[in-house]
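> Please find one structure pasted underneath; my questions will follow.
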Amino acid sequence: MCPDDHNHSGERRKHGRGAGVPGARPTAREAEIDARAKLIAVSFADAVAGRCSMRRFLPDPVPRGDVEAMVAVAERAASAGNSQPWRFVAVEDEGLRREMAEAVHAALDVMAGLPECRGRARDIRAIRNYATFFADAPVVVAVFVLPYAARSDELLALRGLSSDERDRLRQRPDLQSIGAAVQLLITAAHVMGYGSCWMTAPVLAAPAIEELLAAPAGARLAAVVPIGRPAGRPRHSPRLPVDQVLSWR
Ligand SMILES: Cc1cc2nc3c(=O)[nH]c(=O)nc-3n(C[C@H](O)[C@H](O)[C@H](O)COP(=O)(O)O)c2cc1C
722 MCPDDHNHSG ERRKHGRGAG VPGARPTARE AEIDARAKLI AVSFADAVAG
772 RCSMRRFLPD PVPRGDVEAM VAVAERAASA GNSQPWRFVA VEDEGLRREM
822 AEAVHAALDV MAGLPECRGR ARDIRAIRNY ATFFADAPVV VAVFVLPYAA
872 RSDELLALRG LSSDERDRLR QRPDLQSIGA AVQLLITAAH VMGYGSCWMT
922 APVLAAPAIE ELLAAPAGAR LAAVVPIGRP AGRPRHSPRL PVDQVLSWR
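And the structure:
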């Protein structure tokens with residue numbers, strides 16, 4: 722707990738909505754503190770290695786305070802220039818979750834109808850479930866990325882480089898920042914006893930989902946993260962040995 726949250730006699734300071742009011746929702750600050758308390762209950766290794774993608778969920782609702790705590794952890798992610806280019810929209814409403822999944826199906830229907838995709842029906846069927854199971858989770862966090870342009874981006878644009886050439890030299894610091902936040906979000910969910918899955922397949926329906934969720938101005942859908950108590954056993958995917966992914970010079 723942060724020393725700022727105590728007065729000189731060690732008493733918890735009463736500030737904000739939830740402070741000291743029985744039954745009140747915790748403030749975001751309190752949620753962050755609760756999350757930290759839960760985080761120190763498991764080792765870093767357990768938090769990181771114990772997590773795996775979960776794709777089936779129990780219907781039990783996820784308290785809003787728990788989602789706030791997860792987002793408070795996600796927000797601790799490093800971000801380019803501390804731009805914090807993320808925005809999170811937590812979708813509890815089942816009708817809205819189903820509409821999001823329908824939008825993904827519709828985007829895949831469009832693909833299936835394209836002459837260029839003729840003969841790829843099997844691939845499209847495989848993507849359908851991979852991209853839509855999120856609707857069955859009691860809460861789905863849609864992660865949005867806000868535009869970010871550092872001085873170097875502006876200078877490269879002035880040089881007249883194409884966006885491909887700029888990406889080659891910059892590698893999307895905005896999306897890298899989002900990735901850091903999503904990894905923390907799913908790790909916090911795991912530590913708090915929830916299953917989750919980082920999903921980008923639903924981004925195929927980004928324009929429709931942005932409209933359904935009334936996305937913050939200028940924000941683009943970057944990922945979708947269903948969260949709920951896991952149904953079924955965790956299955957840990959293998960990783961490459963360190964000596965295959967690390968080299969020294
Ligand atoms: C950027 C990214 C996008 C992903 N998109 C999806 C997705 O759309 N659907 C899905 O079921 N899993 C998705 N995953 C989960 C990966 O399949 C999973 O992380 C990987 O197989 C490793 O398994 P683990 O998370 O259980 O360790 C995604 C993961 C990442 C990092």
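Take the sequence shown: its letters are residues 722 to 970, numbered as in my numbering. Built from N, CA and C at the ideal position, the CB exists for glycine as well.
Report the rounded CA-to-CA distance for valine 783 versus alanine 766, giving the unit in angstroms.
25 Å
> Which residue wins for smallest C-alpha separation from phenylalanine 809, given the options Gly802, Ala944 and Gln897?
Ranked by how close their Cα comes to the Cα of phenylalanine 809, the residues Gly802, Ala944 and Gln897 have Ala944 in first place.
> Going by alpha carbons, who is nearest to glutamate 931 out of Gly916, Ala824, Asp781 and Ser968?
Ala824
> Rounded to the nearest angstrom, what separates alanine 979 and leucine 905 at their Cα positions?
The question about residue 979 has no answer here: the residues shown for the chain are numbered 722 through 970.
> In three-state DSSP terms, what is glycine 916?
strand
> Taking just the CA atoms, how far does leucine 933 sit from proline 859?
18 Å
> Could you tell me which of Ala935, Leu882 and Tyr915 sits nearest to methionine 984, measuring between CA atoms?
Outside the displayed range of the chain (722 to 970) lies residue 984, so it cannot be described from this structure.
> Please state whether DSSP places glycine 731 in a helix, a strand or coil.
Note that glycine 731 scores 34 on pLDDT, short of 50, meaning its location in the model is unreliable; the coordinates nonetheless yield the value given after this. In this structure, glycine 731 counts as coil in the three-state DSSP scheme.
> Return the first residue and the last residue of the beta strand (DSSP E) that glycine 949 is part of.
From DSSP, the beta strand (DSSP E) with glycine 949 extends over 941 to 949.
> Please list the terminal residues of the continuous alpha helix (DSSP H) segment that includes valine 977.
The chain is shown only over 722 to 970; residue 977 falls outside these bounds and no answer can be derived.
> Note down, in chain order, each residue of its chain lying with its Cβ closer than 6 Å to the Cβ of glutamate 813, except the 5 sequence neighbours on either side.
The residues are Val860.
> In three-state terms, what does DSSP make of arginine 956?
coil
> If we call anything under 7 Å between Cβ atoms a contact, is serine 917 one with alanine 910?
yes
> Going residue by residue through the segment 794 to 843, where are the continuous alpha helix (DSSP H) segments of at least 4 residues, counting only ones entirely within it?
The segment 794 to 843 is shown to contain whole alpha helix (DSSP H) runs of 4 or more residues at 815 to 834, in chain order.
> Is cysteine 723 helix, strand or coil when you go by DSSP?
The predicted position of cysteine 723 is uncertain, since its pLDDT is 31 and thus under 50; a value taken from the coordinates is nonetheless stated next. It is coil, neither helix nor strand.
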